[in-house]
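**Student:**
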Amino acid sequence: MGKLFSKSSPQPPPSSAELNKPWRKVTWREKNVILTNLEGFTSTDNKVLRILLYGPTGTGKSCFVNSVQKVLLGRNVISAQEQTARAGQSFTVKIKTHKMKKQRGGLFPFVFTDIMGLEENSLGGIQTEDIVNILKGHISDGYDFNPMRPITADHPSYKAEPNPEDKVHCLVCILPADSVSRMNDVFAKMNTIRKKAVELDIPHAIVLTKVDQACEVVNQNLQKIYLSRTIKEKVEECSNKLGIPLNNIYPVQNYHTEISPDEATDNLLLMALNDIVNFANDHVEDRDDE
1 MGKLFSKSSP QPPPSSAELN KPWRKVTWRE KNVILTNLEG FTSTDNKVLR ILLYGPTGTG
61 KSCFVNSVQK VLLGRNVISA QEQTARAGQS FTVKIKTHKM KKQRGGLFPF VFTDIMGLEE
121 NSLGGIQTED IVNILKGHIS DGYDFNPMRP ITADHPSYKA EPNPEDKVHC LVCILPADSV
181 SRMNDVFAKM NTIRKKAVEL DIPHAIVLTK VDQACEVVNQ NLQKIYLSRT IKEKVEECSN
241 KLGIPLNNIY PVQNYHTEIS PDEATDNLLL MALNDIVNFA NDHVEDRDDE
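Heads up, the sequence shown is in full-length UniProt numbering, so the first residue is 1 and it goes up one at a time.
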């Protein structure tokens, strides 16, 4: 005879990869609000804000540009040329500024400057001196980087007296969440650049890409990104290695194979973009007040 009362099976404990509560609060339905704010945004003195993207090779800088433009237009785009990453080689070899288009025509008052990637060894990738010169507005669009030596003041692409719009208003490091723990040499170069940005009072943020490759929880459900122990640890690691505050680090998912919009992807990209644009505008306001 069976038991009158059977005990229910115990519930399995939550996965150690998943936290009990989010480590950052997020509203997943702010897409239209942020888009409306950005559509109506005007920068201080109506200047175009320049956002410099830099980071190791193959981290998705060009992919980030395309993903942002896709969200802003609501359709698939190719704004920046991309290529599947080749080991240790940067597809972007020259400085290129990307203007962001609006859905109803016209341009947003901010641009992304994309450059050659940093590499582990000293004989490849962009020179840190070139990035410092870009921060100061000294290098013209279209300049072909030389991995062996930085630009010199007598080069035709060197601007001795740059305009305010040529200078960088926010520095954004694009880092891959799946491999930040294996980039010590690159972090040493980034710290050199970070120190110079601090000297110039240029705000600095991090966009953490490839979150789906770093954490299976996120790969299965992007909306669990702030419940992911792994992503939280990656954000903390980036903060510790570069000295950038945790709330200036944004884990996102770029568009890769998807053609149709994804709400979670769009929200993460827009939250990062909105803050970065505001950081850049704050820099212009602070500089004008001096």
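Backbone N, C-alpha and C define an ideal beta-carbon position, used for all residues, glycine too.
Tell me which residue opens and which closes the alpha helix (DSSP H) that Phe64 is part of.
**Tutor:** 61–73 is the extent of the alpha helix (DSSP H) around Phe64.
**Student:** I need the straight-line Cα distance from Ala85 to Arg24, nearest angstrom please.
**Tutor:** Reliability fails at Ala85, whose pLDDT of 47 lies under 50, so the model's placement of it is uncertain and no value is given.
**Student:** What residues match up with Arg164 in a beta bridge as DSSP calls it?
**Tutor:** Checking the sequence shown, residue 164 turns out to be Pro, not Arg. DSSP lists no partner for Pro164.
**Student:** Beta-carbon separation of Cys170 and Phe279 under 9 Å?
**Tutor:** Against a cut-off of 9 Å, the Cβ pair of Phe279 and Cys170 comes out as a contact.
**Student:** Going by DSSP, which residues form a beta bridge with Ala205?
**Tutor:** Partner(s): Val172.
**Student:** Give the DSSP-derived three-state secondary structure of Glu18 in the structure shown.
**Tutor:** In this structure, Glu18 counts as strand in the three-state DSSP scheme.
**Student:** Could you please give me the residues that DSSP links to Arg50 through a beta bridge?
**Tutor:** Answer is Val111, bridged to Arg50.
**Student:** Sort Arg75, Leu118, Thr113 by Cα distance to Gln103 and report the nearest one.
**Tutor:** It is Arg75 whose Cα lies nearest to the Cα of Gln103.
**Student:** Roughly how many angstroms lie between the CA atoms of Ala87 and Gly58, to the nearest whole one?
**Tutor:** Here the model assigns Ala87 a pLDDT of 46, short of 50, so the residue's position is not dependable, and the following value carries that caveat. Roughly 8 Å between the two C-alpha positions.
**Student:** When we look at the beta-carbon of Gln69 and count the other beta-carbons within 10 Å, is it buried (16 or more) or exposed?
**Tutor:** Gln69 is buried by the Cβ-count criterion.
**Student:** So the candidates are Leu107, Ile244, Asp212, Ala272; which of them puts its Cα closest to the Cα of Thr257?
**Tutor:** Answer by Cα proximity: Asp212.
**Student:** Do you know offhand how far Thr152's Cα is from Met190's?
**Tutor:** When rounded, the distance between both Cα atoms is 21 Å.
**Student:** Is the beta carbon of Leu222 closer than 9 Å to that of Pro180?
**Tutor:** In the sequence as displayed, the identity of residue 180 is Val instead of Pro. No, the Cβ-Cβ distance between Val180 and Leu222 is not below 9 Å.
**Student:** Hey, how far is the Cα of Ile276 from the Cα of Asn247?
**Tutor:** Distance between the alpha carbons of Ile276 and Asn247 is about 11 Å.
**Student:** Along the beta strand (DSSP E) that carries Thr192, what are the first and last residues, could you check?
**Tutor:** From DSSP, Thr192 is part of no beta strand (DSSP E) but of the alpha helix (DSSP H) over 184–199.
**Student:** So what does Ser228 bridge to, in DSSP terms?
**Tutor:** Per DSSP, Glu18.
**Student:** For Ser140 versus Lys159, is the C-beta distance shorter than 9 Å?
**Tutor:** Yes, these two residues count as a Cβ contact at 9 Å.
**Student:** Counting beta carbon pairs with one atom in the region 186–204 and one in the region 226–243, are three or more of them shorter than 8 Å?
**Tutor:** Cβ pair count under 8 Å is three or more, so yes.
**Student:** Between the Cα of Val186 and the Cα atoms of Ser157, Asn121, Asn281, which residue gives the shortest distance?
**Tutor:** Ranking Ser157, Asn121, Asn281 by Cα distance to Val186 puts Asn121 first.
**Student:** In three-state terms, what does DSSP make of His256?
**Tutor:** Correct three-state label for His256: coil.
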